[in-house]
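K.L.:
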Amino acid sequence: MVEVYQSFIGLEIHIRLLTGTKVFCGCKARFGDEPNTNICPVCMGYPGALPALNEEAIEMAYLVARALNCSLAETTFFDRKNYFYPDMPKNYQISQFHSPLGADGYLELPIGGIKKRIGIHDVHLEEDAGKMIHQGACSYLDYNRAGTSLLEIVTDPDMETGEDAEEFIQEFRRIVRHLGVCDGNMEEGSLKCDANVSVNVKGKGLGIKTEVKNLNSSRYVKKALNYEITRQKRLLDEGTVIVQETRLWNMEAGVTEPMRSKENAQDYRYFPEPDLPPFRPDAVFLERVETRLVELPYLRRERLAAEYGLSEEHTAFICEEIETVRFFEDSVEQGADPRTAASWLGADVQKICNREEIAVSDSRLTPKRYAEFTLLLKEGKINSKIGKQMIELLFSEDKDPETIMRERGWEQIQDSGELEKLVDTVISEQPAAVEQIQNGDFKPLGFLVGQVMKVSLGKADPRLAREIIQKKLNIN
Ligand code: ZN
Ligand code: MN
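Given below as structure tokens:
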């Protein structure tokens, strides 16, 4: 069947910035504290209290806008978004409407295996509201979160499916984590996502959109958005007019449900915040933003694959956490063999880190030692069996790989004279296997190599051992 419809998804992502204090006052931005202990007259909206912009927050905000290729505002100011809700003591939210700090950006990233350009409509800084806790007949209010810094990123409706959106969010999450501006924890609400969804007959442009809220886990994004797209297609099929409204994802029922009719910008009576002066970034500020910029993870994955011929699996693993990719690149700079470094990082190193609950960057294993380790393997001075034991020691002992190798007598036997003696012993001890091979069945060859490894206490170079056995038994 020919698909007659086209779907459009735009995202509104809110990230909680990792600032120590709130965005317009000096209160601690800390979660899990006793309710209503991190509050002051400013974030409580007391008469006469004046907000002041948090420098760290605005710097992080510009950094994100820069990373998303936005044009950066030379002057940006704040607006009041007016609405009443008990968790917002001022009855308005300080946000940005008329002059967001970043606009017209884009990310060109692989989605579903192909490069897609997702437009970034704007990036703006605002404050979060407090928290309402409903218990039986009572509702409690905790204002510790009121006034903490939120950065909102609005994309263009350039995604088509729930899968697209899910991939975009995962990549976006990696970006803000690598920039060090957000921990990206969706379960704890550090990264929240709402989506605008519309469906229309192909070629007719955007349809009437609904806003889907409550996409608190990346697992639900795909489900919720695909549900909403299917729902809208069905309505169009029936000839029913789609209502512009806000819908809530009900994860228990697996459906989106109407929440309220969609409010318009006019409803909020936005007007410029009179208590805060406009912000104009100077050259020093912009330079600081520039120095905080990092290579974006998806670009880094591409580069590492091209430069070192690493597999997709390895680049994905290395570029997931910025600490890992920094460790990898530092090791390579210290002379590590890139492919050996990549494969051991994703396997044994990771296993030990998980077991010890430690990041490789905080362990005894330095990039320099790791580089040495990969070279011992690459040059055949140790085999991978010994490597597994050595990597453990590199975490537990404060010693260089060469030192460990010598102390333990782990140097691989590469001297062919010495190996030949070991092979002779094995051949005389295994007449049955030898006979089988001489009768043309080469299956026991691996067994004989294993026996050489055993008598050498794991130190033989298995490739060389195999060669010598073949030579002695006159097989090629
Ligand atoms: Zn405060
Ligand atoms: Mn917002």
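The opening position of the sequence shown corresponds to residue 681 in my numbering, with each subsequent residue numbered one higher.
Note that the Cβ used here is the ideal one computed from N, Cα and C, for glycine as well.
Bear in mind the structure is a predicted one, so any value in this text is a computation, not a measurement.
(1) Return the CA-CA distance between F1075 and K1031, expressed in angstroms with no decimal places.
(2) Classify I1155 as buried or exposed, calling it buried when 16 or more other Cβ atoms lie within 10 Å of its own Cβ.
(3) In the DSSP assignment, find the beta strand (DSSP E) that holds F1008 and state where it starts and stops.
(4) Using only the alpha-carbon positions, how far apart do A783 and P715 sit?
(5) Mind checking which residues open and close the beta strand (DSSP E) that includes Q773?
(6) What did DSSP end up calling N876 once you bin it into helix, strand or coil?
(7) Using 8 Å as the threshold, is the C-beta distance between S1011 and P1047 below it?
(8) Quick one: measure Cβ to Cβ for L1102 and V1129, integer angstroms, because I've assumed they're closer than 8 Å.
(9) Along the chain, where does the alpha helix (DSSP H) containing A1022 start, and where does it finish?
(10) When every heavy atom of the ligand MN is checked, does at least one fall within less than 7 Å of the C-beta of S779?
(11) Do H801 and the ligand FMN come close, with the Cβ less than 7 Å from some heavy atom?
(12) Evaluate contact between the segment 812–825 and the segment 763–771, counting only Cβ atoms and requiring at least three cross-stretch pairs below 8 Å.
(13) Using a strict less-than 5 Å threshold between each residue's beta carbon and the heavy atoms of the ligand ZN, what residues do you get?
(14) Along the chain, which unbroken stretches of the alpha helix (DSSP H) at least 4 residues long are found entirely within the segment 811–866?
(15) Given this structure, state the Cα-to-Cα distance separating C723 from T717, to the nearest angstrom.
(16) Excluding the 5 residues flanking Y900 on each side, which residues of the same chain have their C-beta closer than 7 Å to its C-beta?
(17) By the 10 Å Cβ neighbour count, where 16 or more other Cβ atoms means buried, how is S991 classified, buried or exposed?
(18) Taking just the CA atoms, how far does A1016 sit from Y1050?
(19) Bridge partners for P938 per DSSP, in chain order?
(20) Considering only DSSP beta bridges, list what G690 is partnered with.
(21) Mark N795 as exposed unless 16 or more other C-beta atoms lie within 10 angstroms of its C-beta, in which case mark it buried.
(22) With C-beta atoms as the reference, is D639 less than 8 Å away from L781?
(23) Where does L1102 fall in DSSP's three states?
(24) Based on DSSP bridge pairs, tell me the residues matched to K893.
(25) In terms of residue numbering, what span does the alpha helix (DSSP H) encompassing I1066 cover?
(26) Is any heavy atom of the ligand MN found at a distance shorter than 7 Å from the C-beta of E807?
(27) Mind reading off the beta-carbon distance from E671 to I774? Whole number of angstroms is fine, and I expect it under 8 Å.
(28) When you compare the CB positions of D844 and I909, do they come within less than 8 Å of one another, or not?
(29) Please go through the same chain and pick out, in chain order, the residues whose beta-carbon is closer than 7 Å to the beta-carbon of R980, but skip the five residues on each side of it.
(30) On the DSSP bridge assignment, give the partners of N762 in chain order.
(31) Just to confirm, is the Cβ distance from G679 to Q1092 under 8 Å?
(32) Hey, how far is the Cα of E993 from the Cα of N771?
(33) Can you tell me the Cα-Cα spacing of M861 and T699, whole angstroms?
(34) Between G885 and the rest of its own chain, which residues show a CB-CB distance below 6 Å, the 5 nearest in sequence each way excluded?
(35) Buried or exposed: G785, going by 16 or more other Cβ atoms within 10 Å of its Cβ?
P.N.:
On the basis of the supplied data:
(1) Mapped onto the sequence shown, residue 1075 falls at position 395. Mapped onto the sequence shown, residue 1031 falls at position 351. Near 12 Å, if we compare the C-alpha coordinates of K1031 and F1075.
(2) Along the sequence shown, read from residue 1 onward, the residue named residue 1155 stands at position 475. Exposed, because fewer than 16 other Cβ atoms sit within 10 Å of the Cβ of I1155.
(3) Your numbering for residue 1008 matches position 328 in the sequence shown. F1008: not part of any beta strand (DSSP E); member of the alpha helix (DSSP H) spanning I1002 to E1013, first to last residue.
(4) Locating residue 783 in the sequence shown gives position 103, where the first residue counts as 1. Locating residue 715 in the sequence shown gives position 35, where the first residue counts as 1. Rounded to the nearest angstrom, the two C-alpha atoms are 36 Å apart.
(5) Stepping through the sequence shown from its first residue, residue 773 is reached at position 93. Here the beta strand (DSSP E) through Q773 covers Y772 to S775.
(6) Stepping through the sequence shown from its first residue, residue 876 is reached at position 196. Note: N876 maps to strand in three-state DSSP.
(7) As a working note, residue 1011 is residue 331 in the sequence shown. As a working note, residue 1047 is residue 367 in the sequence shown. Their beta carbons are under 8 Å apart, which means S1011 touches P1047 by this criterion.
(8) Position 422 of the sequence shown, counting from 1, holds the residue named residue 1102. Position 449 of the sequence shown, counting from 1, holds the residue named residue 1129. Contact doesn't hold; Cβ gap of about 11 Å is too wide.
(9) As a first step, residue 1022 is located in the sequence shown; it is residue number 342 there, counting from the start. For A1022, the enclosing alpha helix (DSSP H) starts and ends at P1018 to W1024.
(10) The count along the sequence shown starts at 1 and reaches residue 779 at position 99. No.
(11) Looking at this structure, you won't find the ligand FMN anywhere; what it does contain is the ligand ZN and the ligand MN.
(12) yes
(13) Residues with their Cβ less than 5 Å from any non-hydrogen atom of the ligand ZN, running along the chain, are C705, C707, C720, V722 and C723.
(14) 842–859
(15) Sequence index remark: in the sequence shown, residue 723 carries index 43 (1-based). Sequence index remark: in the sequence shown, residue 717 carries index 37 (1-based). Cα to Cα, C723 sits roughly 12 Å from T717.
(16) On the sequence shown, residue 900 is found 220 positions in, with the first residue counted as 1. Excluding residues within five positions, the ones whose Cβ falls inside 7 Å are W929 and M931.
(17) Your numbering for residue 991 matches position 311 in the sequence shown. Under this definition S991 is an exposed residue.
(18) For the purposes of this step, residue 1050 is taken as the residue at position 370 of the sequence shown. For the purposes of this step, residue 1016 is taken as the residue at position 336 of the sequence shown. About 7 Å.
(19) Numbered from its first residue, the sequence shown carries residue 938 at position 258. R927, per the DSSP bridge assignment.
(20) Translated into positions along the sequence shown, residue 690 becomes position 10. For G690, which the question treats as bridged, DSSP gives the partners N876.
(21) One-based indexing of the sequence shown puts residue 795 at position 115. The question names Asn, but residue 795 is Lys in the sequence shown. With fewer than 16 other Cβ atoms within 10 Å, it is exposed.
(22) Lying outside 681 to 1156, the shown extent of the chain, residue 639 is not represented and no answer is given.
(23) Here residue 1102 refers to the residue found at position 422 of the sequence shown. L1102: helix per DSSP, three-state reduction.
(24) By 1-based counting over the sequence shown, the position of residue 893 is 213. Its beta-bridge partners are L928.
(25) As a first step, residue 1066 must be located in the sequence shown, where it is residue number 386. That run of the alpha helix (DSSP H) goes S1064 to S1076.
(26) Residue 807 sits at position 127 when you count from the first residue of the sequence shown. Answer for E807: no, Cβ out of range of the ligand MN.
(27) As shown, the chain starts at 681 and ends at 1156. That puts residue 671 outside it, with no answer to give.
(28) Your numbering for residue 844 matches position 164 in the sequence shown. Your numbering for residue 909 matches position 229 in the sequence shown. It is not a contact, given that the beta carbons lie outside the stated cut-off.
(29) Position 300 of the sequence shown holds residue 980. These residues qualify, in order along the chain: C999 and V1005.
(30) Stepping through the sequence shown from its first residue, residue 762 is reached at position 82. For N762, which the question treats as bridged, DSSP gives the partners Y772.
(31) Residue 679 lies beyond the residue range present for the chain, which begins at 681 and ends at 1156; the question has no answer from this structure.
(32) For this step, residue 993 is matched to residue 313 along the sequence shown. For this step, residue 771 is matched to residue 91 along the sequence shown. A straight line joining the alpha-carbon of E993 with that of N771 spans about 49 Å.
(33) In the sequence shown, residue 861 corresponds to position 181, counting from 1. In the sequence shown, residue 699 corresponds to position 19, counting from 1. It should be noted that the sequence gives Val, not Met, for residue 861. So the alpha carbons of these two residues sit roughly 8 Å apart.
(34) In the sequence shown, residue 885 corresponds to position 205, counting from 1. No residues qualify anywhere along the chain.
(35) Taking the sequence shown and counting its residues from 1, one reaches residue 785 at position 105. With 16 or more other Cβ atoms within 10 Å, it is buried.
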